[in-house]
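To start, the structure under review is shown below, and the notes come after it.
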Amino acid sequence: MRFARPLAGAALTTATVAGLLIGTAPGAAASAPCDATARACVDLSEGTAWLMDRGEVTYGPVRVTAGGQGHRTPVGRFSVTYKDDDHRSRAYDDAPMPHAVFFTRGGVAFHEGDRDSRSHGCVRLSADAAAAFYRALQPGDAVQVHR
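As structure tokens, then:
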């Protein structure tokens, strides 16, 4: 079983389900705009992402940066196509893309990167979040991206 990571400064709420103590950040599950099929959920308008399992948030929300003008991150339903822990971009000057999890045929991925500037369409995460997404997501897992 996975546990939701509380938001910074949020009080931890606990509940007992089938004899297990479960901890979640208040409101975390309600804020993810994706349905129960999503394993990864992105809200571009809020700049946040989550990992999910059967509609329950298991990690997040985490801050993300996505594509800028002319390189918008696509919105819709996708599937993880492949992963590469030490990927380098062929399209953008061999730029490092640590913990890359690709979810479009056009090369859009979750990966570690600078969250203070816009990407060329990828969803950039902190080092810790990129590692968590890389560990949790597998080829075929559903990804939903909303604006």
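Numbered by mature numbering (1 follows the signal peptide of the UniProt record, and there is no 0), the letters in the sequence shown go through residues -30 to -1, 1 to 117 in order.
By construction, the Cβ of each residue, glycine as well, lies at the ideal position given by its N, Cα and C atoms.
No experiment lies behind these values; they were computed from the predicted model shown.
**Q.** Backbone CA spacing between residue 105 and residue 16 [nearest angstrom]
**A.** Position 135 of the sequence shown, counted from the start, is the residue given in the question as residue 105. Position 46 of the sequence shown, counted from the start, is the residue given in the question as residue 16. Between residue 105 and residue 16, the C-alpha separation is close to 24 angstroms.
Q: Can you grab the Cα-Cα spacing for the pair residue 100 / residue 18, in whole Å?
A: Taking the sequence shown and counting its residues from 1, one reaches residue 100 at position 130. Taking the sequence shown and counting its residues from 1, one reaches residue 18 at position 48. Approximately 13 angstroms, taken between the alpha carbons.
Q) Roughly how far, in whole angstroms, is the beta-carbon of residue 115 from the beta-carbon of residue 35, given that I think they are within contact range, below 8 angstroms? A) The residue you call residue 115 lines up with position 145 of the sequence shown. The residue you call residue 35 lines up with position 65 of the sequence shown. With a Cβ gap of about 13 angstroms, residue 115 and residue 35 do not count as contacting.
Q: Find the nearest neighbour of residue 83 within the set 59, 73, 75, judged by alpha-carbon distance.
A: Numbered from 1 along the sequence shown, position 113 holds the residue referred to as residue 83. When each option's Cα is compared against that of residue 83, the closest is 59.
Q. In whole angstroms, what separates the C-alpha of residue 112 from that of residue 75?
A. Position 142 of the sequence shown, counted from the start, is the residue given in the question as residue 112. Position 105 of the sequence shown, counted from the start, is the residue given in the question as residue 75. Their backbone Cα atoms lie some 14 angstroms apart in a straight line.
Q: Decide yes or no for the touch test of the stretch 21 to 30 against the stretch 80 to 97: beta carbon pairs closer than 8 angstroms, at least 3 of them.
A: no
Q: Give every residue of the same chain whose Cβ lies closer than 8 angstroms to the Cβ of residue 62, excluding the five residues on either side of it in the sequence, and list them in chain order.
A: Reading the sequence shown from its first residue, position 92 is the one you call residue 62. Result list for residue 62: 90, in chain order.
Q: Run the CB neighbour count on residue 55, radius 10 Å, all protein chains shown included, and call it buried at 16 or more, exposed below.
A: Locating residue 55 in the sequence shown gives position 85, where the first residue counts as 1. When all chains shown are included, residue 55 counts as exposed.
Q.
Tell me the rounded alpha-carbon separation between residue 3 and residue 110.
A. On the sequence shown, residue 3 is found 33 positions in, with the first residue counted as 1. On the sequence shown, residue 110 is found 140 positions in, with the first residue counted as 1. Their Cα atoms are separated by approximately 20 angstroms.
Q: List the DSSP bridge partners of residue 49.
A: Position 79 of the sequence shown, counted from the start, is the residue given in the question as residue 49. Its beta-bridge partners are 112.
Q.
Excluding the 5 residues flanking residue -30 on each side, which residues of the same chain have their C-beta closer than 6 angstroms to its C-beta?
A. Indexing the sequence shown from 1 puts residue -30 at position 1. Because the pLDDT of residue -30 is 34, which lies under 50, any placement of that residue in the model is unreliable, and the question is left without a value.
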